[in-house]
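Residue numbers (UniProt numbering), protein chains in the order written: chain A, 1 to 792; chain B, 1 to 792.
Quick reminder that beta carbons are idealized off the backbone N, C-alpha and C, glycines included.
Here the structure is a predicted model, which is why all the values come from computation and not from measurement.
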């Protein structure tokens, strides 16, 4: 058992680590050479194109020689606070702004709670405690003397604890309600203030039934023309382009090599770049590199053209999904919220996600398969959550010093040193857990993808939910039960339902020290390492040295990706759980949680302003989940306090505590009804307002150019030229007036166009739309990045 | 413990009772005097106006003198089968047809199951059983020798039981799927084939926000004109008319007395009917009755006019709800399925129920109150379900013969008679339960009304759900646990979750005899008493003798009401539960269940054709509940078999059984996604088809007359004359073309109209729309009937 001194040592150590990280960050961030690692957002928004502090001379390009800037090395903190919320929304989107509000909410909940609890509960717990009179060996730790464990059984003092629990619960209700209200109205205001965007007019239709004599495109058209005659505008079918995608990636690679060699040739015109034409450039004849890659690209383009024609011609490559666009937001809102077909598994309509948010591979999964997939994955998640406990318990039993000494007796002399013992006891269990948790998000993301969600934002939310359940069972419950005794696990499964809260309730105060160290290791030091960005820094410089050939490569290497919601949200929610559970039991934990929220708020504000670049905008769609989990934490805290007090023989108090979960559920239901629809539906009133406003400001709104290719698979963009798109729009507009009424990438006439002008066509495939390529590439790299690189 | 002989006696007794009831029914139904009790449906549909067998002479009017008809006294059974399903739908509505399908489903499930189980499981259970070798005193009953209890622990024979459980589960899946599919398509076809009806174009809007400067009517109009400009047609606000309703009832009573006296005077013109004008006609001056009632009605009409004007003028009497009608089914379908306002608790839209289905009193409950009401009621239902157990257990412990002898030792000589003992043991426990259950539906219906549902059909479904949960806990679980030992209840609450299915599983085979007698008492005899209609028969004749004064009174006394869904559906579902649970455990129960389903099918088919008159048509909306509860029964049966086998130490079988509940949940999820939307939404495709068809057949559809007063509170109809309505329609049509566009009972000009022609107005209030009055009266009496009269 850790004592107060252990906590002190651990706190000192973690504060030191955090400060070291902050200092390192302060020094590294002002070096011009690191500018692209610590301020990539400014490069991406185009407000900066070269390092800020770069002086004229050669050395100044890499190292900051202006020593004045070293003196003000902590000035990032006030800088991070300068931007107002409205500016952050404009700069980084609503998701980021709402994300920061979670930290603020944590502060608002826990700082007043900490003050109240320390002023009222600590004196109540300390005075005339039971634990002072006990033998020193039996007393778990000094921390316990400040906790509810120190109050005698049947004491009248529990009245204070119950009163405080009521106060804290109502305080949390008040803040949650205010916050939900605010976030919901922020979301509606944000959606209302958005410019005209393709997703406002578009609905994703899935499970289009296959009628043998019609093509998918034709049946979509006739169905929506019939059932939404006044609002249907056009549609875009979804192609199965997985093979094509691979070819495009290969072409991008070759294009990159070509650019590199051309650049090399421009800089040193005296030396023509050459390479061998054999396997991996290691054997074969020596040839001119530029010519070689040009030749290769030409061959690949031919393949691409053929593959593209095959996709467009072959009805098998058209998936049973389509993006249907409407002439008004009202029409799209109606279609997204209603049931279309008599068979409710056909013609399923949902709001289309933003084009950049779509996870294309999942668009074609049929309905029946979805049901089965989700069911299988929920069984798998259950297994993962519950059987992952065993390795964690094993590692923690090792991290227990007595266990470690038994396993490795030769370490005893080292461990027995007082300082090292304190250090290990404070640090090891938290660290072991943390390492375990790092490899997990990848698996969970894959699981979510198997479940078949079609938007990256939804995938991230689902992953985050799975991760939270994992943490709840394994970090929270697992630490409480296996930490004290692994044997309890078995007992736990064979107990009566009424017994479970009691078992956990009793263990809760004993584990306070563990969770305090956990908050320091995972929270404090973790957040400090977040701002240092050590891994991206190293990777960027390594890439800069070995891989980066062109400016485009540098941009890709610099790309910071989005805030990692699947990992940060669940751990954030775990801190809410810890704070709420321990608020009454061991109030000394609250200042630690509050410090975490404050520090993390600064750090993430800085990161969102300077580093991260959101890949999608869900307009705060994750808020209902955050809200729901804080409510869940409240319920858990009520249940555990009930269990704890029942072991303290304060049976008369149970009826008072029984009211709290009922109130909490009622509050949750009310909030759900009141606010959640704002996150699911787009109200018709809003849609109509926006339509009317737009019609009055612009007399003749032409939506076609906006919708033309918004929902075309991004790889088709990558080697189209702007002209071709325009040509297609014009052509399809003429077309709409005739029979088809389809603003999409229409297979038939497109193929025809290619046949007429084959020479023109080859020309189109030259690399002329870097923006589009970049967009796509960044999406892919974002996924790869999250799944493969960030984990150790 | 009941033996096979007890069961035999009980069966014989119940069969005798059932036959006695059937014989009585056969004799009573052919008496002309009872014709209105046993064939009211034919009077209501207008196909019969006087008794069928009534001969010319005086006696023949009351007693059937045609002795030939006595010889074929069982011919109601083939008669009941003559009507085809399509004819039943036309004759009695889809609800009734779907209701009958539940009995057929029961037969389809249990008859093949019974055959298979008796052929396979009974030989397996009987051969080499453990129970033969035991002491006679310890053996519970001979029935047990046919059950799974007779199989030795760890026997390989359990393989047969698991195999049969799989077979039975898949058989049930197959039938459930087919049936859900069929009912869903029947529902869609029924809705598609319906004539134009007000509810197809109308949406119920609740929680209309109050804007101080606008009236509710104006704000409804402006809101829907703005947000559904192409589809909004008109609306009808809802008035708070509870006081008015009482006056109308009083007026109807007086009108009835007037009719009676006028009739009397016509028949005996020589004797003028008189009465005293004082208290209850017992004191005061003697006056001419006709004049007296005419005078009274005149006075009441003045009051009514004033009250009516007050309601129409006073903005406080307009509730925050309205019925909004659209010019097409498509428009209404869109409005019903979408979110209207930014604030999701305002402007809530749902399909309007049929006018006759509306429960007017609940229309004005605000949203916030609804959340709280539902929450409170769910707590109350929980309390009722779980604490009602105590009196039942008490009564059952009395019904236990040993207990009874202890409580009343003087009864011992009577009880110890072998025949009476068998009778009591077989009959008493079931009877005690039945009496308990009879007073319950009233309470549950009141609870559902407090919850604030706005349609009678929903109220009945919710009551039926509550009743089912009650039966599940108290009849099923309660009998199993308290029946064997009341002490187990306490133990049950203090057991581990894994232990509960084992505890119940062990008791299950022991309670088979109890449930067999229950099926005979509640099922066989209960259904036979259903066809006899003893209570309605007695009440009708009593009313006929003492109360009935006019033809209208006779019609009211004859009114059979609807099939009592809140009581019949849950008990039906309980039989499914019993059948599925005992199919493998004690297969001898299956024939009893099958006989019940067959017998009940005949009886209810006869009753639906000849007796009941549905008060509303929900197009089979209760089917998802029936399906869901059969799935629930399957899950319970799997769980209990698992528990039972684990006590039989057939531990290796558990993995096989574990798959079943998972499959069942997956099947349920699939069915829910596949079929349930057909019961909740009206697909746009369907709406558009219907609209188009109608437009092509009738070039100029005028919906105004249809929608004009469809959703006016029925009491306002009761003293309007047809002319006045027409006048209003014409006037409001003119009106619509001008500013208001409102086809409703518009307060302003109606009041105006009354002021202009006061003399004309009094004339209007004369009783001229008996149909409407009748309709309303029957609705009220239906409620009263269900709640007050039918319970003992």
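Worksheet item: Which residue or residues does DSSP assign as beta-bridge partners of residue 204 (chain A)?
Response: Here residue 204 (chain A) is taken as the residue at index 204 of the first chain, counted from 1. BP columns for residue 204 (chain A) point to A:323 and A:350.
Worksheet item: Which word fits residue 183 (chain B), buried or exposed, when buried means at least 16 other C-beta atoms lie within 10 angstroms of its C-beta?
Response: As a first step, residue 183 (chain B) is located in the second chain; it is residue number 183 there, counting from the start. Classification of residue 183 (chain B): buried, given that the 10 Å Cβ count is 16 or more.
Worksheet item: Residues in its own chain within less than 6 angstroms of residue 597 (chain A) by CB, not counting five upstream and five downstream?
Response: Walking along the first chain from the start, residue 597 (chain A) turns up at place 597. The residues are 103, 106 and 107.
Item to complete: Would you kindly work out how many angstroms separate the C-alpha atoms of residue 463 (chain B) and residue 445 (chain B), rounded to a whole number?
Response: Here residue 463 (chain B) refers to the residue found at position 463 of the second chain. Here residue 445 (chain B) refers to the residue found at position 445 of the second chain. Just so you know, the alpha carbons of residue 463 (chain B) and residue 445 (chain B) end up roughly 5 angstroms apart.
Fill in: Cα-Cα separation, residue 530 (chain B) to residue 521 (chain B)
For this step, residue 530 (chain B) is matched to residue 530 along the second chain. For this step, residue 521 (chain B) is matched to residue 521 along the second chain. The alpha-carbon atoms of residue 530 (chain B) and residue 521 (chain B) are separated by roughly 13 angstroms.
Discussion item. Could you compute how far the alpha carbon of residue 519 (chain B) sits from the alpha carbon of residue 441 (chain B)?
Written reply: Against the second chain, residue 519 (chain B) aligns to sequence position 519. Against the second chain, residue 441 (chain B) aligns to sequence position 441. For residue 519 (chain B) and residue 441 (chain B), the distance between alpha carbons rounds to 20 angstroms.
Practice prompt. Would you give the residue range spanned by the alpha helix (DSSP H) that residue 236 (chain B) belongs to?
Written response: As a working note, residue 236 (chain B) is residue 236 in the second chain. No alpha helix (DSSP H) contains residue 236 (chain B), which is instead part of the beta strand (DSSP E) from 232 to 239.
Discussion item. Quick check: residue 256 (chain B) and residue 559 (chain B), are their CB atoms within less than 8 angstroms of each other?
Written reply: To locate residue 256 (chain B), count along the second chain from 1; it is residue 256. To locate residue 559 (chain B), count along the second chain from 1; it is residue 559. No, they are not a contact pair.
Worksheet item: List, in order along the chain, the chain A residues whose C-beta lies closer than 8 angstroms to that of residue 666 (chain B)?
Response: Walking along the second chain from the start, residue 666 (chain B) turns up at place 666. Within chain A, the residues near residue 666 (chain B) are 371, 372 and 375.
Practice prompt. Using a cut-off of 8 angstroms between C-beta atoms, extract the partners of residue 681 (chain B) located in chain A.
Written response: For this step, residue 681 (chain B) is matched to residue 681 along the second chain. Going along chain A in sequence order, the residues near residue 681 (chain B) (Cβ under 8 angstroms) are 338, 339 and 344.
Worksheet item: Can you name the start and end residues of the beta strand (DSSP E) that residue 275 (chain A) belongs to?
Response: Counted from its first residue, the first chain places residue 275 (chain A) at position 275. According to the DSSP assignment, residue 275 (chain A) belongs to the beta strand (DSSP E) that extends over 274 to 276.
Fill in: Beta bridge counterpart(s) of residue 126 (chain B) as assigned by DSSP
On the second chain, position 126 is the one that residue 126 (chain B) refers to. For residue 126 (chain B), DSSP records no beta bridge to any residue.
Practice prompt. Pull out every residue of the region 631 to 643 of chain A whose Cβ sits closer than 7 angstroms to any Cβ of chain B, in chain order.
Written response: Listed in chain order, the positions of the region 631 to 643 of chain A with a beta carbon within less than 7 angstroms of a beta carbon of chain B would be empty, since no residue qualifies.
Worksheet item: Which value, in whole angstroms, describes the spacing of the CA atoms of residue 17 (chain A) and residue 423 (chain A)?
Response: As a working mapping, residue 17 (chain A) is identified with position 17 in the first chain. As a working mapping, residue 423 (chain A) is identified with position 423 in the first chain. Going by the C-alpha atoms only, they are around 13 angstroms apart.
Item to complete: Within its chain, find whatever has a CB closer than 8 angstroms to the CB of residue 118 (chain B); leave out the 5 residues flanking it on each side and keep chain order.
Response: Numbered from 1 along the second chain, position 118 holds the residue referred to as residue 118 (chain B). Same-chain partners within the cutoff: 587, 588, 590 and 591.
Worksheet item: Taking the alpha-carbon positions, what's the residue 301 (chain B) to residue 244 (chain B) distance?
Response: The residue labelled residue 301 (chain B) in the question sits at position 301 within the second chain. The residue labelled residue 244 (chain B) in the question sits at position 244 within the second chain. For residue 301 (chain B) and residue 244 (chain B), the distance between alpha carbons rounds to 11 angstroms.
Practice prompt. Answer with yes or no whether the minimum CB distance from residue 688 (chain B) to chain A is below 8 angstroms.
Written response: The sequence position of residue 688 (chain B) within the second chain is 688, counting from 1. When Cβ-Cβ separations below 8 angstroms define contact, residue 688 (chain B) makes contact with chain A.
Discussion item. I'd like the span of the alpha helix (DSSP H) that includes residue 539 (chain B), first residue to last.
Written reply: Locating residue 539 (chain B) in the second chain gives position 539, where the first residue counts as 1. Here the alpha helix (DSSP H) through residue 539 (chain B) covers 534 to 546.
Worksheet item: Should the region 213 to 229 of chain B be regarded as contacting the region 355 to 375 of chain B, the criterion being three or more beta carbon pairs within less than 8 angstroms?
Response: No contact exists between the region 213 to 229 of chain B and the region 355 to 375 of chain B.
Item to complete: With a 10 Å radius around its C-beta and 16 neighbouring C-beta atoms as the bar for buried, classify residue 702 (chain A) as buried or exposed.
Response: Position 702 of the first chain, counting from 1, holds the residue named residue 702 (chain A). Per the 10 Å Cβ criterion, exposed.
Worksheet item: Does residue 334 (chain B) have its Cβ less than 8 angstroms from a Cβ in chain A?
Response: Taking the first residue of the second chain as position 1, residue 334 (chain B) is located at position 334. Output row for residue 334 (chain B): interface = yes.
Worksheet item: Cα separation between residue 148 (chain A) and residue 633 (chain A)?
Response: Working through the first chain from its first residue, we reach residue 148 (chain A) at position 148. Working through the first chain from its first residue, we reach residue 633 (chain A) at position 633. Answer to the nearest angstrom: the Cα atoms are 19 angstroms apart.
Item to complete: State yes or no: is the beta carbon of residue 670 (chain B) nearer than 8 angstroms to at least one beta carbon in chain A?
Response: Locating residue 670 (chain B) in the second chain gives position 670, counting from the first residue. Put simply, the CB of residue 670 (chain B) is near chain A, with a gap under 8 angstroms to one of its CB atoms.
Worksheet item: Residue range of the beta strand (DSSP E) that residue 288 (chain A) falls in?
Response: What you label residue 288 (chain A) is simply residue 288 of the first chain in a count that begins at 1. Here the beta strand (DSSP E) through residue 288 (chain A) covers 286 to 288.
Worksheet item: Who are the Cβ neighbours of residue 614 (chain A) in its own chain at under 8 angstroms, not counting the five residues just before and after it?
Response: By one-based count along the first chain, residue 614 (chain A) stands at place 614. Cβ-Cβ distances below 8 angstroms link residue 614 (chain A) to 92, 93, 95, 96, 562 and 563 in the same chain, with the five nearest sequence neighbours on each side left out; the list follows chain order.
Fill in: For residue 322 (chain A), the nearest candidate out of A:346, A:342 and A:305 (CA to CA)
Position 322 of the first chain holds residue 322 (chain A). Nearest of A:346, A:342 and A:305 to residue 322 (chain A), Cα basis: A:346.
Discussion item. So if I threshold CB-CB distances at 7 angstroms, which residues from the region 499 to 520 of chain A count as touching chain B?
Written reply: Flagged: no residues at all.
Worksheet entry | Under 7 angstroms (Cβ pairs) to chain B, residues found in the region 202 to 228 of chain A | Here the close residues are 226 and 227.
Worksheet item: By a C-beta neighbour count over all protein chains shown, 10 Å radius and 16 as the cutoff for buried, is residue 595 (chain A) buried or exposed?
Response: In the first chain, the residue the question calls residue 595 (chain A) occupies position 595. Here residue 595 (chain A) is buried. Its C-beta has 16 or more other C-beta atoms within 10 Å.
Item to complete: Name, please, each residue of chain A whose Cβ falls closer than 7 angstroms to the Cβ of residue 455 (chain B).
Response: As a working note, residue 455 (chain B) is residue 455 in the second chain. Contacts between residue 455 (chain B) and chain A, judged by CB atoms closer than 7 angstroms, are missing: the closest CB pair is about 20 angstroms apart.
Worksheet item: Nearest to residue 115 (chain A) by CA position, among A:275, A:90, A:250 and A:584, is which residue?
Response: Counting from 1 along the first chain, the entry for residue 115 (chain A) is found at position 115. Ranking the options by Cα distance to residue 115 (chain A), first place goes to A:584.
Worksheet entry | Where residue 20 (chain A) falls, given that 16 or more other Cβ within 10 Å makes a residue buried | Sequence index remark: in the first chain, residue 20 (chain A) carries index 20 (1-based). It counts as exposed.
Item to complete: Would you please verify whether the beta carbon of residue 188 (chain A) is less than 8 angstroms from any beta carbon of chain B?
Response: The count along the first chain starts at 1 and reaches residue 188 (chain A) at position 188. It does; some Cβ of chain B falls within 8 angstroms.
Worksheet item: Which first and last residues belong to the alpha helix (DSSP H) in which residue 601 (chain A) is found?
Response: Position 601 of the first chain, counted from the first residue, corresponds to residue 601 (chain A). 589 to 610 is the span of the alpha helix (DSSP H), which, as asked, contains residue 601 (chain A).
Worksheet entry | Simplified DSSP assignment, three categories, for residue 619 (chain A) | The residue given as residue 619 (chain A) occupies position 619 in the first chain. DSSP places residue 619 (chain A) in coil when its eight states are reduced to three.
Worksheet item: Hey, does residue 350 (chain B) have any beta-carbon neighbour from chain A nearer than 8 angstroms?
Response: Residue mapping note: residue 350 (chain B) aligns to position 350 of the second chain, counting from 1. Not one chain A Cβ lies under 8 angstroms of residue 350 (chain B).
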